[in-house]
Amino acid sequence: MFWSTERPYKKGDSPEPVAILPALLLETVALRWSDAFIPTLRDDPADAEAASHRLLVRAGFVRQLMSGVYSLLPLGFRVMQKVEKIIREEMNHIGGQEFLLPTMHPGELWKKSGRWDSVGLEMFRLKDRRGSDVALGMTHEEVFTHLAGELRSYKQLPQIWYQFQTKFRDEARPKSGVLRVREFTMKDSYSLNVDTDGLDTAFGHHFDAYRRIFRRLGFEATAVEASSGVMGGSESVEFMLRTTAGEDWIASCAACGYAANLEKATSTLPAVASEGDSAELEKFPTPGVRTIEDLVSFEGGGTAADRQIKTLVYKADGQTLLVLLRGDHSLAEQKLLDQIEAQEIRPASEAETRAALSASPGSLGAVGAENCIIVVEESLRGQCNMVTGANEDDFHLRGVDVERDIEARAWMDLREVKAGEACPLCGAELAVEKSLEVGHIFKLGTHYSELLGAKVLDENGTPCPIVMGSYGIGLGRAMAAVVESSFDDAGIIWPMNVAPFEVVISVLNPKDVKVSETAEHLYESLQGSGIDVIIDDRDERPGVKFKDAELVGIPYRLTVGPKGLKNGVIEFVRRANGESREIAVEHAAQTAAEAVFEERF
Ligand SMILES: [Zn+2]
Numbered sequence: 024m025f026w027s028t029e030r031p032y033k034k035g036d037s038p039e040p041v042a043i044l045p046a047l048l049l050e051t052v053a054l055r056w057s058d059a060f061i062p063t064l065r066d067d068p069a070d071a072e073a074a075s076h077r078l079l080v081r082a083g084f085v086r087q088l089m090s091g092v093y094s095l096l097p098l099g100f101r102v103m104q105k106v107e108k109i110i111r112e113e114m115n116h117i118g119g120q121e122f123l124l125p126t127m128h129p130g131e132l133w134k135k136s137g138r139w140d141s142v143g144l145e146m147f148r149l150k151d152r153r154g155s156d157v158a159l160g161m162t163h164e165e166v167f168t169h170l171a172g173e174l175r176s177y178k179q180l181p182q183i184w185y186q187f188q189t190k191f192r193d194e195a196r197p198k199s200g201v202l203r204v205r206e207f208t209m210k211d212s213y214s215l216n217v218d219t220d221g222l223d224t225a226f227g228h229h230f231d232a233y234r235r236i237f238r239r240l241g242f243e244a245t246a247v248e249a250s251s252g253v254m255g256g257s258e259s260v261e262f263m264l265r266t267t268a269g270e271d272w273i274a275s276c277a278a279c280g281y282a283a284n285l286e287k288a289t290s291t292l293p294a295v296a297s298e299g300d301s302a303e304l305e306k307f308p309t310p311g312v313r314t315i316e317d318l319v320s321f322e323g324g325g326t327a328a329d330r331q332i333k334t335l336v337y338k339a340d341g342q343t344l345l346v347l348l349r350g351d352h353s354l355a356e357q358k359l360l361d362q363i364e365a366q367e368i369r370p371a372s373e374a375e376t377r378a379a380l381s382a383s384p385g386s387l388g389a390v391g392a393e394n395c396i397i398v399v400e401e402s403l404r405g406q407c408n409m410v411t412g413a414n415e416d417d418f419h420l421r422g423v424d425v426e427r428d429i430e431a432r433a434w435m436d437l438r439e440v441k442a443g444e445a446c447p448l449c450g451a452e453l454a455v456e457k458s459l460e461v462g463h464i465f466k467l468g469t470h471y472s473e474l475l476g477a478k479v480l481d482e483n484g485t486p487c488p489i490v491m492g493s494y495g496i497g498l499g500r501a502m503a504a505v506v507e508s509s510f511d512d513a514g515i516i517w518p519m520n521v522a523p524f525e526v527v528i529s530v531l532n533p534k535d536v537k538v539s540e541t542a543e544h545l546y547e548s549l550q551g552s553g554i555d556v557i558i559d560d561r562d563e564r565p566g567v568k569f570k571d572a573e574l575v576g577i578p579y580r581l582t583v584g585p586k587g588l589k590n591g592v593i594e595f596v597r598r599a600n601g602e603s604r605e606i607a608v609e610h611a612a613q614t615a616a617e618a619v620f621e622e623r624f
């Protein structure tokens, strides 16, 4: 569990300062807007909902090539390079060594780890001319573990290995622009240790590095407990940005800082008042009742939802699995997937359901069910006088005593937490908000090293599997997250650290010699100071130039025009708040450069 006690990041606030100015700079870039390919659009793309999608397309940063596949245009690539540089600095800072592994992997390696079969349609697969299976890597545990097989002794550990590489994932429903795509760049790193204490340390280093990375990118990411999903392993933490563009829901407690993905979150429920002593089981007719709500409002004896048992039917590796929840609760399916050991778990079809229980949904129940594995949600423990389907269409059972009448194979936490329920740690009200995953770190343990034979000799000369962790950040998603957390009606507002250009010089009348000379001089001095500067020397109306500068989101604008020059001044505008002031021509370059340096970290 993690507590976000941090306050907003300020310069010099980093637990371990890393970036020394102006080391953050890539090679300084200066550009003329008249020469540049910055295809801004007047209107939002029709299919775009997420702000990042809308604005990155409109401001000329990205273009879609096909569903879920995007080209980065020069401005987008500049941002990505800066994002990459920040991540690289922080990874090197914790001792990471950079690799570059192939995107094409032998299918054989994925068969050894078991994921050739378990991953399914999300993996792009092909055959080479000899008929061998090839995978396009969606992640690189297999290849890094394969390389780790060359390590011989605990003395060679610990190691942190990382890379920036293209990943492929054949998403069923790519959407939201660069947020959910089929081809993307990721920083993935892997920690190799001789024991779990070492893994804990490496995990902690990554946790801190990720914190610093997101702060330098300009947004606060909340660390939450998460499901490890297809990655396996014992523990994982997601870094989440609160935004309506996100696809995950997190439950969080403002009082104590508890935060968890709904795939994992728990809450404390008030005790349901006991309904007296156990009664006898009794079948009764419920014509037309198909849902929990139907039975609540059933004429001649409705039953409150929290007195009903909801029965969900799944197939787990061919076996019928009944999942029982209180009628007013919803299943967090990932919790089920995480706790049931099976290659494949899916909802049963209607035909399969009828074959197993001889009834249709609406009349299903677990009392007397044969040849089924039954798992029961914890909140049903000790409940009696409950109502459930009788496995006969249009009939229900009442007087059900869950522990007496149902043969539970296991009791599990399966319930999805709702807003307003009590925090499991302190009892305060939980909030549930939409969030975007911007990073995910996993304790893998020895899962991959055992399957792929990556072992070292420990101190006693005994071979032991390497203890691994795996850590990812998607770069395109990080760029989109910056936009989601920083934009307004006029466009993007880039934080200095990742702005494609730090200053734009808008030349109001390029044909005026004095204006043009002053602007050119300013352009050269800013370049000389190591500022990423673009000069808007296009033959366009001022309104067009200002609109484009705001849409693109350049942090500072210097406006050089005949009116101002008459008074010896240049307008200096801050994109973030529209704050504008006039500065003397001779101080303009220095003032702008200082403002930029002040905001880089
Ligand atoms: Zn709490």
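Under our numbering, the final residue of the sequence shown carries the number 624; numbering is consecutive throughout.
Yeah, the Cβ is synthetic: ideal placement off N, Cα and C, and Gly gets one too.
Checklist line | Euclidean distance between Cα positions of Val95 and Gly227 | finding: Just to set this straight, residue 95 is Leu in the shown sequence, not Val. Their Cα atoms are separated by approximately 33 Å.
Item checked: Contact test: Ala451 Cβ vs ligand 1 heavy atom, cutoff 7 Å -> yes
Notebook entry, point to check: Quick one: does the C-beta of Leu448 sit closer than 7 Å to a heavy atom of ligand 1?
Noted result: yes
Checklist line | Candidates Leu453, Pro181 and Gly584: closest to Thr219 by CA position | finding: Pro181
Next item on the list: Starting from Gln104, trace the alpha helix (DSSP H) both ways and give me its first and last residue.
Entry: Pro97 to His116
Check: What does a CB cutoff of less than 8 Å around Asn408 pick up in its chain, not counting 5 residues either side in sequence?
Finding: Glu298, Gly299, Ser301, Ala302, Arg330, Arg421, Gly422, Val423 and Asp424
Next item on the list: Identify the continuous alpha helix (DSSP H) that holds Gln357 and give its terminal residues.
Entry: Glu356 to Gln362
Notebook entry, point to check: Secondary structure at Thr266, three-state DSSP: helix, strand or coil?
Noted result: coil
Notebook entry, point to check: Gln406: buried (16+ other C-beta within 10 angstroms of its C-beta) or exposed?
Noted result: Buried.
Note to self: If you measure between the beta carbons of Asp193 and Glu145, is that distance less than 8 Å?
What the structure shows: yes
Checklist line | Stretch-stretch touch, CB-based, cutoff 8 Å, three pairs: the segment 358 to 374 with the segment 321 to 337 | finding: yes
Next item on the list: Can you have a look at Lys287 and say buried or exposed, based on whether 16 or more other CB atoms are within 10 angstroms of its CB?
Entry: buried
Checklist line | Residues bridged to Glu121 (per DSSP) | finding: Answer is Tyr185.
Check: Are Ile496 and Ile110 close, meaning C-beta to C-beta below 8 Å?
Finding: yes
Next item on the list: Measure the CB-CB distance between Ser259 and Ala249 and report whether it falls below 8 Å.
Entry: yes
Notebook entry, point to check: Taking C-alpha atoms, which residue in His229, Glu322, Gly130 and Gly137 lies nearest to Arg153?
Noted result: Gly130
Notebook entry, point to check: Can the beta-carbon of Gly241 be found less than 8 Å from the beta-carbon of Pro518?
Noted result: yes
Notebook entry, point to check: With distances taken between CB atoms, is the gap from Val312 to Leu304 smaller than 8 Å?
Noted result: no
Notebook entry, point to check: What does a CB cutoff of less than 6 Å around Ala503 pick up in its chain, not counting 5 residues either side in sequence?
Noted result: Ser75, Val201 and Leu202
Item checked: Simplified DSSP assignment, three categories, for Asp317 -> If DSSP states are grouped into helix, strand and coil, Asp317 belongs with the helices.
Notebook entry, point to check: How close, in whole Å, do the beta carbons of Thr126 and Gln188 come, if the pair is a contact with beta carbons under 8 Å?
Noted result: Correct: roughly 7 Å between the Cβ atoms.
Note to self: I'd like to check one pair, Gly601 with Ser458: are the Cβ atoms closer than 8 Å?
What the structure shows: Going by C-beta atoms, Ser458 is not nearer than 8 Å to Gly601.
Item checked: Beta-carbon gap between Val556 and Ile528 smaller than 8 Å -> Contact check for Val556 against Ile528 passes: the beta carbons are separated by less than 8 Å.
Check: Tell me the DSSP bridge mates of Arg349?
Finding: Ile332
Check: Rounded to whole angstroms, how far is the Cβ of Glu460 from the Cβ of Met263, which I believe are closer than 8 Å?
Finding: With a Cβ gap of about 6 Å, Glu460 and Met263 count as contacting.
Checklist line | Asp436 versus Asn394 - alpha carbon distance | finding: 23 Å
Check: Would the beta-carbon of Ala278 be found less than 7 Å away from any heavy atom of ligand 1?
Finding: yes
Checklist line | Buried/exposed call for Gly350, threshold 16 Cβ in 10 Å | finding: buried
Checklist line | Cβ contact (3+ pairs, closer than 8 Å) linking the segment 480 to 491 and the segment 48 to 61 | finding: no
Item checked: Between the CA atoms of Ser381 and Glu415 - distance to the nearest angstrom -> 7 Å
Checklist line | Between the CA atoms of Arg238 and Val619 - distance to the nearest angstrom | finding: 17 Å
Note to self: Less than 8 Å between the beta carbons of Val399 and Gln179, yes or no?
What the structure shows: no
Note to self: Suppose you measure from the CA of Val217 to the CA of Val490; what does that come to, to the nearest Å?
What the structure shows: Approximately 6 Å between the Cα atoms of the pair.
Checklist line | Inter-stretch contact at 8 Å, needing at least 3 Cβ pairs: the segment 509 to 526 / the segment 603 to 619 | finding: Counting C-beta pairs with one atom in each stretch, the segment 509 to 526 and the segment 603 to 619 have three or more that are closer than 8 Å, which means they touch.
Item checked: CB contact flag (Ser199, Glu72, <8 Å) -> yes
Notebook entry, point to check: Looking only at C-alpha atoms, which of Ile593, Val575, Leu531 and Glu543 sits nearest to Arg564?
Noted result: Leu531
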